[in-house]
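One structure is given here, and the rest of the page talks about it.
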Amino acid sequence: MKVNKINIIKKGVLFASVMLVGLGCIVKTGRKDTETLKGAFEGKFYIGAALSGNHINNQSQPSMEVLKSHFNSIVSENNMKSGMIQLREGEFNFENADKFIEFGEANGMHIVGHTLIWHSQAPRWFFTDNDGNQVTPEVLTQRMKDHIHTVVGRYKGKVKGWDVVNEAILDDGSWRKSKFYEILGEDFMKLAFQFAHEADPDAELYYNDYSMANPGKRDGVVKMVKNLQAQGIKIDGIGMQGHIGLEYPTIDEFEKSILAYSDLGVTVMITELDLSVLPSPRRDMGADVATNVEYQQSLNPYTEGLPDDVQKKFDERYMAFFKLFLDHHDKISRVTLWGINDGDSWKNGWPVRGRTDYPLLFNRDNTPKSVVSDIMKLAAKY
């Protein structure tokens, strides 16, 4: 079985230009920049990447040159979540968040804040009093307000849009029974968007979730957004997390969701995009970080690189999705990859720790995969 350890770029001029771009050097052609992803998608949508704490604190690493060459939007993977910024009540740590914002401003990036309210990485004190008892709705409301006003207010005019609430609807369309929901009911969603709007009236406000192509979740999110709109609550966009596999979700269902969310009068964003080539312990696991599976060798088959047939499927799958995004670029404002190169990706450790995955558009050595040039050629047709 033939294996490609590094994707082979096509011969000739394209080889030279793409490799230079992969190293952070934009080829000067005297015409519109089409040798980078951000140049290829100019006038269509932002193309973004998520930055880890390692990126934020080591800005001289080669992958940051790839970021500056190919991407024009950034989001922080973890460093702006409530558990990172306010681990203890009233004690805010903005060190990494400030560095992230400063980098974005210095490099002219479209900056997205992620995320204000998320059950998974909310500190425990949010929901309990000094005696360990669950707080009242009034206390939780005030804590949400204080957190959101402080964080959003600090970056007012710098962050262009916020993932206000993350992952609050289950795949069947029902509400996740998080502590926010248990204490405040559905009103926690309204309050979060209300407080974010108060803190920065000009910032765009988004709802973000995984498995957004599932019909049940689609119906639940549409219902939730319509309810917010009926109450006069500002919501500007829906983030469809793009944690996809070689076989799921279907392009058809993903397209139905793009259309359904766009019909609400909001922008659609493809967030957290990555394409796992590894076998899943069970079909369509979404991205629930609470789900982990014990390591099995059979679930980690490509430690030395991808077989040619798998690489072909990977390329075709990415091309199919980017064709979908381009077909609907009038509805989509941003497509964000969840990392810069394969070595960054959380998919190496989820849902099975210790695996080697290849989910992004750049190899571990920061060279572009062959599909990158194909995606740019595709974009040029639109």
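Residue numbering for the sequence shown is 68 to 449, as defined by this note's numbering. Beta carbons are placed, not taken as given, at the ideal position from N, Cα and C, and that holds for glycine.
Pairwise C-alpha distance: residue j and residue i
| i | j | result |
| --- | --- | --- |
| A446 | F108 | 6 Å |
| F159 | I168 | 16 Å |
| M307 | G110 | 21 Å |
| D267 | P204 | 24 Å |
| S130 | P190 | 31 Å |
| D432 | D165 | 28 Å |
| G106 | K290 | 36 Å |
| E102 | M443 | 7 Å |
| G228 | T334 | 12 Å |
| K293 | D397 | 21 Å |
| P368 | F161 | 40 Å |
| M279 | D319 | 12 Å |
| L237 | K212 | 25 Å |
| L393 | V206 | 45 Å |
| Q126 | I141 | 14 Å |
| M336 | N121 | 25 Å |
| G199 | F193 | 11 Å |
| L90 | F389 | Because L90 carries a pLDDT of 41, less than 50, the predicted location of this residue cannot be relied on, and the following value inherits that uncertainty. Near 23 Å, if we compare the C-alpha coordinates of F389 and L90. |
| K135 | V377 | 29 Å |
| F247 | D196 | 15 Å |
| Y222 | D375 | 46 Å |
| F321 | E271 | 23 Å |
Local Cβ density within 10 Å of residue i, reported as buried at 16 or more and exposed below that
| i | result |
| --- | --- |
| R420 | exposed |
| L326 | exposed |
| N415 | buried |
| G299 | exposed |
| D276 | buried |
| Y449 | exposed |
| K379 | exposed |
| V88 | Here V88 scores only 40 on pLDDT, less than 50, and its place in the model should not be relied on; the value that follows carries that caveat. Flag for V88 reads buried. |
| Q363 | exposed |
| K284 | buried |
| E265 | exposed |
| G434 | Note that residue 434 is Thr in the sequence shown, not Gly. When all chains shown are included, T434 counts as buried. |
| A259 | buried |
| S437 | buried |
Among the options, nearest to residue i - alpha-carbon criterion
| i | options | result |
| --- | --- | --- |
| L313 | D303, K290, L342 | L342 |
| D411 | L272, L393, N430 | N430 |
| A116 | T103, D376, H137 | H137 |
| K225 | Q363, V402, Y315, N174 | N174 |
| L345 | L393, F161, K246, L366 | L366 |
| V202 | Q128, L237, E249 | E249 |
| W413 | Y222, E339, W192 | E339 |
| F170 | K257, F112, F262, L118 | L118 |
| L331 | Q296, Y315, Q261 | Q296 |
Integer-rounded CB distance, given that residue j should sit under 8 Å from residue i
| i | j | result |
| --- | --- | --- |
| N139 | H177 | 6 Å |
| H214 | S143 | Their Cβ separation, rounded to whole angstroms, is 16 Å, which puts H214 and S143 out of contact at 8 Å. |
| Y274 | I302 | 6 Å |
| L373 | F381 | 7 Å |
| F112 | S400 | 6 Å |
| D287 | S241 | Position check: residue 287 holds Gly in this sequence, whereas Asp was assumed. About 7 Å separates the two Cβ atoms, so the contact holds. |
Cβ-heavy atom distance, residue i to the ligand SAH, below 7 Å
| i | result |
| --- | --- |
| A270 | This structure lacks the ligand SAH, and indeed carries no ligand of any kind. |
Between the segment 240-258 and the segment 410-425, are three or more C-beta pairs nearer than 8 Å?
no
Is the segment 377-385 touching the segment 406-418 in the sense that three or more CB pairs, one from each, lie closer than 8 Å?
no
Answer yes if the segment 147-158 comes into contact with the segment 204-219, meaning at least three C-beta pairs across the two stretches below 8 Å, and no otherwise.
yes
Given 8 Å, three or more beta-carbon pairs between the segment 180-191 and the segment 225-237
yes
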